[in-house]
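K.L.:
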Amino acid sequence: MTQQVFARIAGTGSYLPSKVLTNDDLARFVDTSDEWISARTGIRQRHVAAEGETTCDLAYHAATRAMEAAGVTADELDLIVVGTTTPDLIFPSTACLLQARLGASGCGAFDVNAACSGFIYGLTVADKFIRGGNARTALVVGSETLTRMLDWSDRSTCVLFGDGAGAVVLKADHETGILSTHLHADGAKKELLWNPVGVSAGFKPGEPNAGVRVLMTGNEVFKHAVKALDSVVEETLEANGLDRHDIDWLIPHQANLRIIEATAKRLDMPMDRVIVTVDRHGNTSSGSVPLALDEAIRSGRVQRGQLLLLEAFGGGFTWGSALLRY
Ligand code: ACO
3 MTQQVFARIA GTGSYLPSKV LTNDDLARFV DTSDEWISAR TGIRQRHVAA
53 EGETTCDLAY HAATRAMEAA GVTADELDLI VVGTTTPDLI FPSTACLLQA
103 RLGASGCGAF DVNAACSGFI YGLTVADKFI RGGNARTALV VGSETLTRML
153 DWSDRSTCVL FGDGAGAVVL KADHETGILS THLHADGAKK ELLWNPVGVS
203 AGFKPGEPNA GVRVLMTGNE VFKHAVKALD SVVEETLEAN GLDRHDIDWL
253 IPHQANLRII EATAKRLDMP MDRVIVTVDR HGNTSSGSVP LALDEAIRSG
303 RVQRGQLLLL EAFGGGFTWG SALLRY
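The opening position of the sequence shown corresponds to residue 3 in this note's numbering, with each subsequent residue numbered one higher.
(1) So what's D232 in DSSP terms, helix, strand or just coil?
(2) What are the boundary residues of the alpha helix (DSSP H) that P292 is part of?
(3) Give the DSSP bridge partners of F112, in chain order.
(4) Scan the region 175-253 and note each continuous beta strand (DSSP E) run of 3 residues or more that stays entirely inside, going in chain order.
(5) Do V291 and R268 have their C-beta atoms closer together than 9 Å?
(6) Our contact map puts R275 next to L244 with C-beta atoms below 8 Å; I'd like the distance itself, whole angstroms only.
(7) Tell me whether T43 counts as near ligand 1, meaning its Cβ is closer than 8 Å to at least one heavy atom of that ligand.
(8) For the candidate residues T126, G166 and S301, whose alpha-carbon lies nearest to that of V50?
(9) Whose C-beta lies closer than 7 Å to the C-beta of L99 among residues of the same chain, with five residues either side of it excluded?
(10) If you draw a straight line from the C-alpha of A324 to the C-alpha of G208, how long is it?
(11) Can you name the start and end residues of the alpha helix (DSSP H) that S158 belongs to?
(12) Note the first and the last residue of the continuous alpha helix (DSSP H) segment covering G124.
(13) Would the region 110-128 count as touching the region 151-160 if we require 3 or more Cβ pairs under 8 Å?
(14) Verify whether the separation of the beta carbon atoms of G120 and S288 is less than 9 Å.
(15) Please state if the CB of P272 and the CB of A266 are separated by a distance shorter than 9 Å.
(16) Return yes when the C-beta of G54 is under 8 Å from any heavy atom of ligand 1, and no when it is not.
(17) For G144, I'd like the list of residues in its chain whose CB is within less than 6 Å of its CB, leaving aside the five on either flank, ordered along the chain.
(18) My output table needs one value for T265: the three-state DSSP class, helix, strand or coil.
(19) Leaving out five residues before and five after E222 in sequence, what residues of the same chain have Cβ atoms less than 6 Å from its Cβ?
(20) Near A65, what residues of its chain come up, given a Cβ to Cβ distance below 7 Å and the 5 sequence neighbours on each side ignored?
(21) Taking only the alpha-carbon atoms, compute the straight-line gap between G135 and K206 and give it to the nearest angstrom.
(22) Per DSSP, what kind of secondary structure is R303 in: helix, strand or coil?
(23) Alpha carbon to alpha carbon, what distance is there between D296 and I39?
(24) Taking only three categories from DSSP, how would you classify D153?
(25) With 16 as the cutoff for other CB atoms within 10 Å, does A190 come out buried or exposed?
(26) Taking C-beta to C-beta, are G164 and N242 nearer than 9 Å?
(27) Report the three-state DSSP secondary structure of S20 (helix, strand or coil).
(28) Using a threshold of 9 Å, state whether the C-beta atoms of V280 and I82 are closer than that.
(29) Threshold first: 3 residues or longer. Then list the beta strand (DSSP E) segments lying entirely within the region 26-114, N to C.
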C-alpha cells in the first residue's frame, strides 16, 4: 500500500526593506492623513525598497532565512515557485534569477502571477508537485516591490501598498502538512483592480512611468473581497469536514484590517487568534501571507501541530485559501 504524502512546512523566512514610510511621511506629499489611513485600513506604516533593490533581492533574503530554518541547502531544492506581480525583468522569471542567486541549478523554477493571491497560488502548485511525487523539497516565495508601480499622486492607492517578501520550504512528510487548497478567479472584474499596460497591450510613453500604475475602485474591491473570502473559508471548512472553531490561527492577506476583521467574524475567531501585520507592512501583495506566517512562527505564537487557515484576495480577481497543519 502506498503511503500518503503531504507537503509540510519545514521552515519559513521573510524580509522587509529597511526604509520605513509612515502615514505622516505620506501626508507630506499627498492629500491624506494618518487618521484617514489608520481608520479606513489599519495601516500605520509600510516598507519601501531602496533604489536598485529588486523583488529578487527581497526574495533572496526571505528564501535563505527559510532554508536556514528548514536546514535545507540549495542543492536539495527540487522546485522554486515565486509568486510576484512585480518581477525584476519581463524574462527570465524572478524564480530563475533567484535560483541562480541561491546556486540551486537544475531544478524547475517559475513565477506565478496572481496579484495578491500569488503566494497561495504558488503554495498550491508546490503542494501538487509534492503530493504527486514530482518533488520532495520545494521553495515557495511571495515577493513584491509594489511601490515601484504606484502613482504617488493618487491617494486612493499609494497609501495602501508596501514592499516585502516571505518564503516557505515545503518537504514531503508522511504525517501531515497542507490538507487542502482552494483557488478561484474572476477575470471579468479585471478593471476594478489592475495595472492596465504591458508588453503586448503596449505602454504609454507620454505618461509618467510609461503608464505603469495600480488603478483600483477601492470600495467595490472591498465588497468583492469580503464576499469571496467568506465563501472560500466556508468551502475550506466544508471540504475538510471541520467546524469553524477547529481553526487555531487565521493568517489572512493583509490588505485592510476591516476585511480581516470581517473574515474573523465569519469564523467566530477572536482577533487574538488572527495574525495581523497590515499596521506595520501595509499591503505587500504576494509577500503578505508568508510575511505574516513567518512572523507568527518566529514569535512563538504558531506552534507545531496547530491548524492554520491561510487566505488571500487580489487583482484578477483572484482568491484562494490553504488549510494546513503546521
Ligand atoms: N486620504 C484621505 N481621503 C481619501 C484617501 C486618502 N488616502 N483615499 C480616498 N479618500 C477619500 C475619497 O476621495 C472619498 O472621498 P469623497 O467621499 O469625498 O468622494 C472618501 O475618502 C471615501 O473613499 P472610499 O474609496 O469610498 O473609501 P473606503 O472606505 O472604501 O476605503 C479603501 C478605501 C481603503 C481603498 C478600501 O476600499 C479598501 O481597502 N479596499 C480593498 C483593497 C483591497 O483589498 N485590495 C485587494 C488586494 S490589492 C492587489 O491585489 C494588488
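C-beta atoms are modelled at their ideal positions from N, C-alpha and C, and glycine is treated no differently.
P.N.:
If we stick to the structure as given:
(1) helix
(2) Bounds of the alpha helix (DSSP H) holding P292 are S290 to R300.
(3) V83
(4) Entirely contained in the region 175-253, the beta strand (DSSP E) runs reaching 3 residues are, in chain order, 180-187.
(5) no
(6) Not confirmed; about 15 Å, so no contact.
(7) yes
(8) G166
(9) C58 and D90
(10) 42 Å
(11) The continuous alpha helix (DSSP H) containing S158 extends over residues R157 to C160.
(12) G120 to R133
(13) no
(14) Their beta carbons are under 9 Å apart, which means G120 touches S288 by this criterion.
(15) yes
(16) no
(17) For G144, where only same-chain residues beyond five positions count, the Cβ hits under 6 Å are G85, G120, F121, G168, S288, G289 and P292.
(18) helix
(19) Hits under 6 Å: L194.
(20) G15, L100, L104, L141, V143 and A169
(21) 45 Å
(22) coil
(23) I39 and D296 have their C-alpha atoms roughly 25 Å apart.
(24) coil
(25) exposed
(26) no
(27) coil
(28) Against a cut-off of 9 Å, the Cβ pair of I82 and V280 comes out as no contact.
(29) Taking only runs of at least 3 residues, the beta strand (DSSP E) segments lying wholly in the region 26-114 are 47-50, 81-85 and 110-114.
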